[in-house]
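These notes concern the structure reproduced below.
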Ligand code: AMP
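In the numbering used here, the protein residues as written are 15 to 430.
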């Protein structure tokens with residue numbers, strides 16, 4: 015019979031990976047907790063309408079990447095592809111607008127997108143994210159960006175680039191799109207055919223073209239940053255000032271368009287060259303229209319999400335301390351099993367890490383196993399009333415009354 019494998023684009027988190035993830039989670043908890051962010055966990059699936067309305071009907075995520083299913087009762091559900099819409103739903107559902115604003119929330123959860131799998135791109139992946147709901151100020155945007163920069167730095171990711179832009183309002187964006195499309199049409203004969211073909215669909219893509227004549231034409235194209243309304247431009251200026259004051263380097267990237275419809279004003283993305291094709295480590299921005307789109311009062315908000323797997327791919331491997339095993343209990347005879355079981359439980363009760371022989375190895379095999387897992391002591395229980403306690407490093411062995419075994423180990427451990 016063939017062995018069943020995990021679905022394509024998914025992966026198992028094995029103990030060594032789990033240890034690195036735990037380190038990342040600790041950093042996130044400390045950095046975001048210190049800035050007043052409280053942890054939130056939302057359901058793994060939501061009503062499909064939350065994403066079609068919140069993320070945007072026309073986006074790649076909603077068009078192509080959602081795992082959507084009938085819940086058995088004729089209701090359409092979707093495995094969450096992102097965290098911002100669910101957090102905003104929870105904000106509204108729990109009346110968090112009545113709390114002191116902004117409400118600052120963070121999460122670390124798994125998300126699902128039906129994308130073509132490759133290194134750093136999976137169908138189930140994890141994100142750590144932070145959302146500040148109820149504040150319009152540029153300080154909120156700058157603070158969020160710096161918190162993500164802190165997290166990446168503390169994970170030891172040395173070379174990140176921060177790309178920054180402002181999208182203004184949806185109206186500015188729509189007008190700009192028209193202007194850019196008109197510019198491209200006026201210069202059609204200087205553009206690559208694939209750029210011309212996409213003028214109506216996505217004129218912004220023209221900025222990504224690599225051929226020389228298109229590049230030359232795009233160098234003179236109008237940019238959205240030049241078309242921002244006055245108050246949006248002032249807001250962006252303040253965000254930049256705060257980042258400058260904090261000595262956080264960034265590159266202005268007027269082409270930065272993020273794959274979700276809800277962004278307004280500030281948008282940003284951290285990339286790492288260590289990652290290859292999927293270089294985005296994390297990103298986000300301001301989404302002042304989203305809460306209203308979900309049925310709430312107009313409420314400004316801002317946030318980011320960063321991919322756990324991408325952070326771990328970009329971060330250096332930390333030297334992992336092997337798990338400590340204070341005591342391994344070996345069996346010299348079969349009928350020692352009950353006493354061994356009790357000894358292990360007692361050892362754990364006083365805070366020692368203890369393991370029990372769980373297969374039918376010979377005594378020699380058990381000692382070899384104890385050595386391999388790095389046990390400091392091995393207690394050998396046989397038919398004698400006394401227990402043999404062996405200190406593995408020195409090889410010293412002594413016969414002890416059963417009640418003396420644990421105090422001896424504790425003394426050796428300098429716990430008492
Ligand atoms: P997004 O929600 O698309 O802005 O993504 C935020 C971050 O999540 C990205 O910068 C990636 O680090 C990570 N991410 C997004 N999609 C995937 C995926 N399919 N697999 C792994 N990580 C992802």
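Yeah, the Cβ is synthetic: ideal placement off N, Cα and C, and Gly gets one too.
With fewer than 16 other beta carbons inside 10 angstroms of its own, residue 347 counts as exposed. Ranked by how close their Cα comes to the Cα of residue 23, the residues 79, 61, 53, 64 have 79 in first place. Burial state of residue 83 is exposed, judged by a 10 Å Cβ sphere holding fewer than 16 other Cβ atoms. As DSSP reads the structure, residue 91 sits in a beta bridge with 61, 83. According to DSSP, residue 129 shares a beta bridge with no other residue. The nearest non-hydrogen atom of ligand 1 is 8 Å or more from the C-beta of residue 391. Per DSSP, residue 112 is not a residue of any alpha helix (DSSP H), being assigned neither H nor E. Under the DSSP definition of a beta bridge, residue 139 partners with 125. Approximately 25 Å separates the beta-carbon atoms of residue 264 and residue 122; this is outside 8 Å, ruling out the contact.
Around the beta-carbon of residue 28, fewer than 16 other beta-carbon atoms lie within 10 Å, marking it exposed.
Secondary structure of residue 182 (DSSP, three-state): coil.
Selection 418, 150, 384, 398 evaluated against residue 338 yields 384 as nearest (Cα-Cα). Distances taken from the Cβ of residue 105 to the heavy atoms of ligand 1 include none shorter than 8 Å. If you draw a straight line from the Cα of residue 26 to the Cα of residue 18, it comes to about 13 Å.
A residue is called buried when at least 16 other Cβ atoms come within 10 angstroms of its Cβ; residue 141 meets this threshold and is buried. For residue 294, the distance from the CB to the nearest heavy atom of ligand 1 is below 8 Å. Distance between residue 352 and residue 416, taken at the CA atoms: about 13 Å. Distances from the alpha-carbon of residue 406 to those of 423, 269, 397, 400 put 423 closest. Boundaries cannot be given for residue 373, as no alpha helix (DSSP H) includes it and DSSP labels it neither H nor E. With a cutoff of 9 Å on beta-carbon distance, residue 313 and residue 184 are scored as not near each other. A direct Cα-to-Cα measurement between residue 136 and residue 296 gives close to 15 Å. In the DSSP secondary-structure assignment, residue 411 is bridged to 404. In this structure, residue 257 keeps its C-beta atom at 9 Å or more from the C-beta atom of residue 227.
The continuous stretches of beta strand (DSSP E) do not include residue 37, which lies in the alpha helix (DSSP H) extending over residues 29-48. Counting along the chain, residue 302 sits inside no alpha helix (DSSP H), nor does DSSP assign it H or E at all.
Judged by DSSP in its simplified three-state form, residue 331 adopts coil rather than helix or strand. Contact annotation, residue 190 with residue 119: C-beta distance approximately 32 Å; criterion of less than 8 Å not satisfied. For residue 256, the enclosing alpha helix (DSSP H) has its first and last residue at 244-259.
For residue 365, the shortest separation between its Cβ and any heavy atom of ligand 1 does not lie below 8 Å.
Counting along the chain, residue 317 sits inside the beta strand (DSSP E) bounded by residues 315-321. For the 9 Å CB-CB criterion, residue 377 and residue 358 do not form a contact.
With contacts defined as CB atoms closer than 9 Å, residue 270 and residue 281 qualify as a contacting pair. Within the same chain, 146, 147, 148, 149, 154, 315 come within 8 Å of residue 116 by CB-CB distance, once the 5 residues on both sides are set aside.
With contacts defined as CB atoms closer than 9 Å, residue 420 and residue 366 qualify as a contacting pair.
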